[in-house]
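Asker:
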DNA sequence: AGTCTTAGGTCATATAGATGACATTTGACC
DNA sequence: GGTCAAATGTCATCTATATGACCTAAGACT
């Protein structure tokens, strides 16, 4: 395998060549990013890939194992290995952390209130690591269940990646927005950092959720990361009745 | 390897014999539970263990890999593999999810207010899967930083496991209680489920945190699991200023 | 006593191949 | 056309072995 060519030549700093399986993993990620197989698409067989990369099957397997653990690939015994599409159940439960007080999963439909393209706020620039002049696509939406508005949400997305994102405001969507990020903009969310804080409802939030302005609400702020490690989503969600639930292991 | 003996003999239900590496993993977990090596202790070398279990090194390695991923073991290149002690940094950051608004980690000392042994409440029985007559050890404590009380906490632990738990109320502890669970009671926490909700401070919470009774606070309810999968801790934490932060991947 | 080298133990990475289980396709047969 | 069995391709598990990197301790040498 010749992935690490050129590194050894830098004098003084030997720069330990990374293990083959890591290089293979990164090659795979690169191909996924480039859309060689597309979400839901099947990879070539392990045999073929190993030959193509010039490594043994065991080594290739270790690389794909990592990506399966990471939730990027899904293996199906006897069928093959495919790139995870965000609609898959696994991927959905991974990022939807709202639950009712009795432990029932929150299973909402979402209605888009606004879609704007504007300059990023200071907070958004910080959290998304954007330039001063950067623009974002802003989404404002309400997520409800059985007709009751339970979550009010403001999302900011780097405009350079998401300009072509179009959501029909007349339709209530039951799918995660991440499905649309992936389908329309080729952006796959692989990781997120959530911060849950106490907050007071601002005018719009209060109105959307049927609360008094200034009422205590839960605010979840999320920064989500794409395949290449770039920060691609800044999201704030407010709710008064739901709970945030997560498993640590 | 003869782990699965006796299973095949049950008629009608063939019960697919589990893969060797899973059986090896469970054997390891069993030994860890039984305290064969104790927290911080070193396992025999991979060679020895593989011989002892009658499997190849690759198979044994897959088993230990799983346990390392799960945070139960730690490998040190050139030294050996040891059972994780809860004081280790990794284990600490895993379960401490409170942060300041500016992102700084909450690094508290804890002061014990009360230790009681009493009948479990209905909620505790539900969350800990206890019998109707079960008793629990109850801990009440305040966690502060720089002299400021920031988290008020009530913990319930099954009395059959934790009766010998003794914490000195005169000393402020900077270590996680999980260290003491492990040292004094042989209970290792490996997994937890956290639920973050909006709440109103009760009288004691308000007093502890310097708030008005009924003030809005964040409540984190945790159910934590031991090595054998048993629920061993029910904890409720209240805070007004701190945030709950977690990474999803 | 202190420093350096060396030897041996450990985990980390990589290979090659064998066997089994699962899913789909092909084709014989009715 | 429909049904069943065989063939084929895929991932899953397991073995055996080799080499390298990292850590420690024992000696050799100053």
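Residue numbers (our numbering), protein chains in the order written: chain A, -14 to 234; chain B, -14 to 234.
Backbone N, C-alpha and C fix where the C-beta goes; we use that ideal spot for every residue, glycine too.
Values in this document were obtained by computation on a predicted structure and should not be read as measured data.
Helix, strand or coil for residue 212 (chain A)? Go by DSSP, reduced to three states.
Answerer: Residue 212 (chain A): coil per DSSP, three-state reduction.
Asker: Residue range of the alpha helix (DSSP H) that residue 27 (chain A) falls in?
Answerer: Unbroken run through residue 27 (chain A): none, as it is neither H nor E.
Asker: So for residue 1 (chain B), helix, strand or coil by DSSP?
Answerer: Residue placement at residue 1 (chain B) is poorly supported in this model, since its pLDDT is 46, which falls under 50; the coordinates still yield a value, given next. Of the three classes helix, strand and coil, the one that applies to residue 1 (chain B) here is coil, per DSSP.
Asker: Just to confirm before moving on: does the CB-CB distance between residue 97 (chain B) and residue 49 (chain B) stay below 8 Å?
Answerer: Cβ atoms of residue 97 (chain B) and residue 49 (chain B): not closer than 8 Å.
Asker: Please report the residue range of the beta strand (DSSP E) in which residue 137 (chain B) lies.
Answerer: From DSSP, the beta strand (DSSP E) with residue 137 (chain B) extends over 133 to 143.
Asker: Does the count of Cβ pairs from the segment 176 to 187 of chain B and the segment 20 to 38 of chain B closer than 8 Å reach three?
Answerer: With the cut-off at 8 Å, the segment 176 to 187 of chain B and the segment 20 to 38 of chain B do not touch.
Asker: So the candidates are A:147, A:113, A:84 and A:164; which of them puts its Cα closest to the Cα of residue 70 (chain A)?
Answerer: Considering only alpha carbons, the answer is A:164.
Asker: Taking its Cβ as the centre, do 16 or more other Cβ atoms sit within 10 Å of residue 204 (chain A), making it buried, or is it exposed?
Answerer: The residue is buried, with at least 16 neighbouring Cβ atoms inside 10 Å.
Asker: Do residue 148 (chain A) and residue 217 (chain A) have their C-beta atoms closer together than 8 Å?
Answerer: Cβ atoms of residue 148 (chain A) and residue 217 (chain A): not closer than 8 Å.
Asker: What number of angstroms, rounded off, separates the C-alpha of residue 167 (chain A) from the C-alpha of residue 68 (chain A)?
Answerer: Cα to Cα, residue 167 (chain A) sits roughly 12 Å from residue 68 (chain A).
Asker: Taking 8 Å as the threshold (C-beta atoms), are residue 115 (chain A) and residue 244 (chain A) in contact?
Answerer: It is not possible to answer for residue 244 (chain A), since the shown part of chain A is limited to -14 through 234.
Asker: Can you find a CB in chain A that lies within less than 8 Å of the CB of residue 11 (chain B)?
Answerer: Output row for residue 11 (chain B): interface = no.
Asker: Is any beta-carbon of chain A found at less than 8 Å from that of residue 228 (chain B)?
Answerer: Yes - at least one Cβ of chain A is within 8 Å of the one on residue 228 (chain B).
Asker: Between residue 150 (chain B) and residue 121 (chain B), is the Cβ-Cβ spacing less than 8 Å?
Answerer: Taking 8 Å as the Cβ cut-off, residue 150 (chain B) and residue 121 (chain B) do not qualify as a contacting pair.
Asker: Quick one: Cα of residue 196 (chain B) to Cα of residue 126 (chain B), how far?
Answerer: For residue 196 (chain B) and residue 126 (chain B), the distance between alpha carbons rounds to 16 Å.
Asker: Expressed to the nearest angstrom, what Euclidean distance is found between the alpha-carbon atoms of residue 231 (chain B) and residue 84 (chain B)?
Answerer: Distance between the alpha carbons of residue 231 (chain B) and residue 84 (chain B) is about 10 Å.
Asker: Helix, strand or coil for residue 221 (chain B), going by three-state DSSP, please let me know.
Answerer: Strand.
Asker: If you draw a straight line from the alpha carbon of residue 235 (chain B) to that of residue 6 (chain B), how long is it in whole angstroms?
Answerer: Nothing about residue 235 (chain B) can be read from this structure; chain B reaches only from -14 to 234.
Asker: With DSSP as the reference, identify every bridge partner of residue 123 (chain A), one or two as the case may be.
Answerer: Its beta-bridge partners are A:101 and A:141.
Asker: Name the one or two DSSP bridge partners that residue 38 (chain B) has.
Answerer: Answer is none; residue 38 (chain B) lacks a bridge partner.
Asker: By the 8 Å beta-carbon criterion, what residues does the segment 154 to 185 of chain A contribute toward chain B?
Answerer: Cβ contacts with chain B come from 175, 176, 177, 178, 179, 180, 181, 182 and 183.
Asker: Which residues does DSSP pair with residue 83 (chain B) in a beta bridge?
Answerer: Beta-bridge pairing links residue 83 (chain B) to B:229.
Asker: Applying the criterion that 16 or more other CB atoms from any shown protein chain within 10 Å of the CB defines a buried residue, is residue 103 (chain A) buried or exposed?
Answerer: Exposed: under 16 other Cβ atoms inside 10 Å.
Asker: Using a Cβ-Cβ cutoff of less than 8 Å, which residues in the same chain neighbour residue 176 (chain B) once the five nearest sequence positions on both sides are dropped?
Answerer: Once the five neighbours on either side are set aside, the close Cβ partners of residue 176 (chain B) are 209 and 210.
Asker: Shorter than 8 Å from the beta carbon of residue 89 (chain B) to some beta carbon of chain A?
Answerer: No, no contact with chain A.
Asker: Starting from residue 168 (chain B), trace the alpha helix (DSSP H) both ways and give me its first and last residue.
Answerer: First-last of the alpha helix (DSSP H) with residue 168 (chain B): 162 to 170.
Asker: Among A:172, A:35 and A:25, whose alpha-carbon lies nearest the alpha-carbon of residue 64 (chain A)?
Answerer: Closest by alpha carbon: A:25.
Asker: Measuring straight from C-alpha to C-alpha, what distance separates residue 58 (chain B) and residue 94 (chain B)?
Answerer: Cα to Cα, the separation comes out at about 27 Å.
Asker: On the premise that residue 92 (chain A) lies in contact with residue 133 (chain A), defined as a C-beta separation below 8 Å, what is that separation, rounded to the nearest angstrom?
Answerer: Going by Cβ atoms, the distance from residue 133 (chain A) to residue 92 (chain A) rounds to 12 Å, so no, they are not a contact pair.
Asker: Could you check which residue in B:75, B:118, B:33 and B:222 has the C-alpha nearest to that of residue 235 (chain B)?
Answerer: Residue 235 (chain B) lies beyond the stretch modelled for chain B, which goes from -14 to 234, so this question has no answer here.
Asker: How would you call residue 76 (chain B), buried or exposed, if buried means at least 16 neighbouring beta carbons within 10 angstroms?
Answerer: So residue 76 (chain B) counts as buried.
Asker: Closer than 6 Å by C-beta to residue 140 (chain A): which residues in its own chain qualify, once you throw out the five before and the five after it? Chain order, please.
Answerer: Cβ neighbours of residue 140 (chain A) beyond the five flanking positions: 124 and 220.
Asker: Looking only at its chain, what residues have a beta carbon closer than 8 Å to the beta carbon of residue 41 (chain A), apart from the 5 residues adjacent to it on each side?
Answerer: Hits under 8 Å: 35.
Asker: Chain B partners of residue 201 (chain A), CB-CB under 8 Å?
Answerer: Near residue 201 (chain A) (Cβ distances below 8 Å), the residues of chain B are 183 and 201.
Asker: Are the C-beta of residue 55 (chain B) and some C-beta of chain A separated by less than 8 Å?
Answerer: With 8 Å as the cut-off, residue 55 (chain B) counts as an interface residue toward chain A.
Asker: Consult DSSP for residue 153 (chain A) and reduce its assignment to one of helix, strand or coil.
Answerer: Three-state DSSP puts residue 153 (chain A) in coil, outside helix and strand.
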